[in-house]
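Reading through the structure tokens given below for one structure.
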Amino acid sequence: MVDQPDIHNDDWNGVVDNPWRRLRQFTAARIGLGRSGISLPTKEMLEFQLAHAQARDAVHTPLDFSALTQQLETLAEQYPLLNEEPPLKLHSEAVDRMTYLQRPDLGRRLDEASRVLLRQEQQTPEQPFDLALVIADGLSATAIAHNAVPFIQALCEELNADKQEWTLAPITLVEQARVAVGDDVGELLNAKTVLVLIGERPGLSSPDSLGLYLTWAPVRGLTDARRNCISNVRPEGLNFSEAAHKAGYLLRESRRLQLSGVQLKDRSGALLESADDMAASTEKTATLEHSSAAADNTITTESGQPSALHSTAEAKNFLLS
Amino acid sequence: MHKAYRYSLGSKTYEFRNLADLMARATPARSGDRLAGVIARSAEERAVAQMALADVPLKTFLNEVLIPYEQDEVTRLIIDEHDALAFAPISHFTVGDFRNWLLSDLASSDMLSKIRNGVTPEMAAAVSKIMRNQDLILVAQKCRVITAFRSTIGLPKRLATRLQPNHPTDDMNGIAASILDGLLYGSGDAVIGINPATDNVAQATRLMKLMDEVISKYEIPTQSCVLTHVTNTLECIEQGAPVDLVFQSIGGTEATNSSFGFNLATLAEAEQAALSLQRGTVGNNVMYFETGQGSALSANAHHGLDQQTCETRAYAVARKFNPLLVNTVVGFIGPEYLFDGKEIIRAGLEDHFCAKLLGLPMGCDVCYTNHAEADQNDMDNLLTLLGAAGCSFVMGIPGSDDIMLNYQTTSFHDALYARRVLGLGPSPEFEAWLEKMQIMSNAAGACLNEALPPAFAASLKTLPAGNSESEVSNG
Chain A
1 MVDQPDIHND DWNGVVDNPW RRLRQFTAAR IGLGRSGISL PTKEMLEFQL
51 AHAQARDAVH TPLDFSALTQ QLETLAEQYP LLNEEPPLKL HSEAVDRMTY
101 LQRPDLGRRL DEASRVLLRQ EQQTPEQPFD LALVIADGLS ATAIAHNAVP
151 FIQALCEELN ADKQEWTLAP ITLVEQARVA VGDDVGELLN AKTVLVLIGE
201 RPGLSSPDSL GLYLTWAPVR GLTDARRNCI SNVRPEGLNF SEAAHKAGYL
251 LRESRRLQLS GVQLKDRSGA LLESADDMAA STEKTATLEH SSAAADNTIT
301 TESGQPSALH STAEAKNFLL S
Chain B
322 MHKAYRYSLG SKTYEFRNLA DLMARATPAR SGDRLAGVIA RSAEERAVAQ
372 MALADVPLKT FLNEVLIPYE QDEVTRLIID EHDALAFAPI SHFTVGDFRN
422 WLLSDLASSD MLSKIRNGVT PEMAAAVSKI MRNQDLILVA QKCRVITAFR
472 STIGLPKRLA TRLQPNHPTD DMNGIAASIL DGLLYGSGDA VIGINPATDN
522 VAQATRLMKL MDEVISKYEI PTQSCVLTHV TNTLECIEQG APVDLVFQSI
572 GGTEATNSSF GFNLATLAEA EQAALSLQRG TVGNNVMYFE TGQGSALSAN
622 AHHGLDQQTC ETRAYAVARK FNPLLVNTVV GFIGPEYLFD GKEIIRAGLE
672 DHFCAKLLGL PMGCDVCYTN HAEADQNDMD NLLTLLGAAG CSFVMGIPGS
722 DDIMLNYQTT SFHDALYARR VLGLGPSPEF EAWLEKMQIM SNAAGACLNE
772 ALPPAFAASL KTLPAGNSES EVSNG
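Quick mapping for you: the protein sequence lines, in order, are chains A and B. The working numbering puts the first residue of the first sequence at 1, with every later residue one more than the last. The working numbering puts the first residue of the second sequence at 322, with every later residue one more than the last.
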């Protein structure tokens, strides 16, 4: 029968600890939580609530576009590669966050005011830009606030090192936006390639994951099969220089081959190419993909995971020892 | 085109274009139907549609198919497999009569088993639309669906769990750590099922071998499954991998399933291949299916139907292949299909009811994503309601946090809560194993032992002593 603890002992806090908690050296999963009766101990329950609160805030806190604009203007002084024009603030057809969450179709289109603004902007169409960078809030403003500027800085370094010249369109910031909004922006700015930086659906342990989506010859109505994705860009995931390296490779290859999507493979390094990682991405459509029907995962994805999580293949599994 | 349906309310007449339109407008509100443009245009229209639907004879569903027979192999399956003899006792009912009968004492567990092959998915969906949550619970609880492989699923007063030890890089020790955590919390009698991070045949085989060795070493009366595409599992079988269950996500239209990369013939081939391995001990149900409202719409393959009707049609696909487990992944799809806790809870109860009525071993991934208007309290509610409804199994994951798929589902602790508060035991084979291994002193009462069970203590001793303080960061 269950041991009866001595509740008069001052050390007793009602919690049964799990000695296997040390197995957390192998995983970030919440193992060995211990128990109060058969329930979560107070500390573990409150820590979970905090993680969920942070993920919720990532979804619902509006992005501070003026702070972002300032940071980008400072960056532009440092990197002449970036267009000297200040970033343009745009909006999707989703009027607010509640609409955005329920109407993915509206988040994929620029609203009319933004379209007018871009048409005014783009006065000399004879010379297309090589690249348009689009910053979209997506499902995590936190991801953009933390990770967009450092990534663009790393990308500038990557592009500066390239032999060929890159002309960049003015950076655009799009509110209530999904990935495909980049097609509208790229088309209206007359850009050969668009790279969308977007806040990914926040996980409990990763509220600030940035996704990168590259599309060659952007035009409204493209499917996801035409895109390449780099996922989980954040210091604890795929770090900025690695992400910029991958993005630089894809940009050069896309420009050389004049295409993007499934025909463009990332061979920039040993990579995890995973359909299921799409579960973390903003634009995952066929979402009961718990499963991984390959046909659904039409976006070619690369993802970064902390290398510390890899154990050596030869090691005998502890559970089988 | 089929005939329109009309219903007069005072001086006002409501018209519904056809049966599919009537069913869609009668559906309790949810964001996916709004997105598809098939939702009722007012609360009154919904209530009227429910009244009109209640008047529709069940026989109508055999004559007015929602997706043309010629265009859709799921429709052909539904019509061709319909059992007229089983249908006879309910054939004179309208949808409204059917609800009354289901709730009555005439609809005993035995009677519900007898008529199930006479019920089509559309009949089940239609009646569910005019049932309240308590009706869905009460009738589902009367349905008996028992399946088996190495454990028996679906016996009365039992609630099984899928142990879901996912890891973002498929690290073998990381997965084993979560398996151990689950087993020591009494989880895993439905299946130990991994969603692989790297989705290919070689990786699936590695994961199958790991689970097979763990199940063999500790003599666990359960089965394993790698949730990879059915064609991958077929290749694994050809290469001699230890496959217990074949997984596939399924939908309720041929076009949805095509977008998932399979058809009915693929599933038939997979079931035969898995059966040929003869790895079951107490039964031979070898398929594991997952479903979820909204999948057809997200694949742009819904033919103008509401998402719950599409979902129920997927159960015809499942029923054909004698699954051990069917799982509706109810909150995973996101708020554009099920917006908040209220919609997720309703959908979970509908899916469970319809599947049980059609004779499927239905479990539920009681879950939500961080962009849905839902939280742990909503999941507590749905878990408790499903436990009362006799749900076959739920998920079990360390601390509710799936670090690979980035969503929250029920934890090992949650399952013990449900077992204890509702008096539900694990599957009988697993219950005996938990006590033999000294994990639980009284598995039926969900009582865990405090001491580390000896067999597992031995494995933990083999770990290097160093390093034990350094936890992998949650980032």
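Every residue, glycine too, gets a C-beta built ideally from N, C-alpha and C. Values in this document were obtained by computation on a predicted structure and should not be read as measured data.
Neighbouring residues, chain B, relative to residue i (Cβ below 7 Å)
i: S260 (chain A); result: Those within 7 Å of S260 (chain A) in chain B number zero; the least Cβ separation is about 22 Å.
i: L222 (chain A); result: Those do not exist, as L222 (chain A) stays about 15 Å from chain B at its closest Cβ, beyond 7 Å.
i: L139 (chain A); result: H692
i: V59 (chain A); result: N691, H692
Simplified DSSP assignment, three categories, for residue i
i: E77 (chain A); result: helix
i: C685 (chain B); result: strand
i: E175 (chain A); result: strand
i: A166 (chain A); result: Note that residue 166 (chain A) is Trp in the sequence shown, not Ala. In the structure shown, W166 (chain A) sits in coil (DSSP, three-state: anything other than H, G, I, E or B).
i: D723 (chain B); result: strand
i: T730 (chain B); result: coil
i: K380 (chain B); result: coil
i: T348 (chain B); result: coil
i: H146 (chain A); result: helix
i: I359 (chain A); result: Because residue 359 (chain A) is not part of the residues shown, which for chain A are 1 to 321, the question remains open.
i: K265 (chain A); result: coil
i: R220 (chain A); result: coil
i: L670 (chain B); result: helix
i: V116 (chain A); result: helix
i: L398 (chain B); result: helix
i: R355 (chain B); result: helix
i: A280 (chain A); result: Confidence in A280 (chain A) is poor, its pLDDT being 34 and thus under 50, which makes the residue's placement unreliable; the coordinate value appears in the next sentence. The answer is helix: DSSP assigns A280 (chain A) an H, G or I state.
Contact list for residue i against chain A, beta-carbon separation under 9 Å
i: K538 (chain B); result: L319, L320
i: H413 (chain B); result: Per Cβ cutoff of 9 Å: no residues; H413 (chain B) is ~37 Å from chain A at best.
i: R355 (chain B); result: Q102, R103
i: E534 (chain B); result: N317, L319, L320
i: L645 (chain B); result: Result: empty, since nearest Cβ-Cβ is about 16 Å, beyond 9 Å.
i: R741 (chain B); result: G37, I38
Beta-carbon proximity of residue i to residue j, cut-off 7 Å
i: M700 (chain B); j: V647 (chain B); result: no
i: I718 (chain B); j: Q485 (chain B); result: yes
i: E716 (chain B); j: R355 (chain B); result: Correcting the residue identity first, residue 716 (chain B) is Met in this sequence and not Glu. No. Outside cutoff.
i: V567 (chain B); j: T554 (chain B); result: yes
i: E394 (chain B); j: L645 (chain B); result: no
i: S209 (chain A); j: N232 (chain A); result: yes
i: R35 (chain A); j: V16 (chain A); result: yes
i: G107 (chain A); j: R178 (chain A); result: yes
i: L427 (chain B); j: V460 (chain B); result: no
i: D830 (chain B); j: T415 (chain B); result: Given a span of 322 to 796 for chain B in the structure shown, any question on residue 830 (chain B) remains unanswerable.
i: F777 (chain B); j: G604 (chain B); result: no
i: S570 (chain B); j: F581 (chain B); result: yes
i: A132 (chain A); j: G221 (chain A); result: no
i: I31 (chain A); j: S499 (chain B); result: yes
i: V369 (chain B); j: Y335 (chain B); result: yes
i: N494 (chain B); j: L670 (chain B); result: no
i: L139 (chain A); j: L110 (chain A); result: no
Proximal chain A residues relative to residue i, where beta-carbon distance stays under 7 Å
i: Y738 (chain B); result: I38, S39
Chain-ordered neighbours of residue i on chain B, where CB pairs are closer than 8 Å
i: R56 (chain A); result: N691
i: F48 (chain A); result: Q697, G720, S721, D722
i: H245 (chain A); result: Chain B residues near H245 (chain A): none, gap ~20 Å exceeds 8 Å.
i: E44 (chain A); result: G720
i: V233 (chain A); result: The contacting residues do not exist; V233 (chain A) stays about 13 Å from chain B at best.
i: H52 (chain A); result: N691, D696, Q697, Q729
Neighbour flag for residue i against chain E, beta carbons, 7 Å
i: L781 (chain B); result: Here chain E cannot be found, since the structure's protein chains are A and B.
Closer than 8 Å at the beta carbon, the chain A residues around residue i
i: S352 (chain B); result: Q102
Along the stretch 79–107 of chain A, where does the CB come closer than 7 Å to a CB of chain B? Name the residues. L101, Q102, R103, P104
Scan the stretch 518–548 of chain B and note each continuous beta strand (DSSP E) run of 3 residues or more that stays entirely inside, going in chain order. 545–547
Could you please tell me which residues of the stretch 719–732 of chain B, in chain order, have their CB closer than 9 Å to any CB of chain A? P719, G720, S721, D722, D723, I724, M725, L726, N727, Y728, Q729, S732
Please list the residues of the stretch 13–39 of chain A that have a C-beta atom closer than 7 Å to any C-beta atom in chain B, keeping them in chain order. V16, P19, W20, R22, L23, R24, Q25, F26, T27, A28, A29, R30, I31, G32, L33, R35, I38, S39
Can you check the stretch 551–580 of chain B for any beta strand (DSSP E) of at least 3 residues that lies completely inside it and give the ranges in chain order? 567–570
Tell me which residues of the stretch 174–208 of chain A have at least one Cβ-Cβ distance to chain B shorter than 7 Å, keeping chain order. R201, P202, G203, L204, S205, S206
For the stretch 600–632 of chain B, which residues have a CB atom closer than 8 Å to at least one CB atom of chain A, in sequence order? E611, T612, G613, G615, S616, S619, A620
Starting from the N-terminal side, write out each stretch of the beta strand (DSSP E) that is 3 residues or longer and does not extend beyond the stretch 407–480 of chain B. none
Contained alpha helix (DSSP H) runs [length at least 4] in the stretch 28–60 of chain A, N- to C-terminal order: 42–60
Selection of the stretch 647–662 of chain B by Cβ proximity to chain A, strictly under 7 Å: V650, F653, I654, G655, P656, E657, F660
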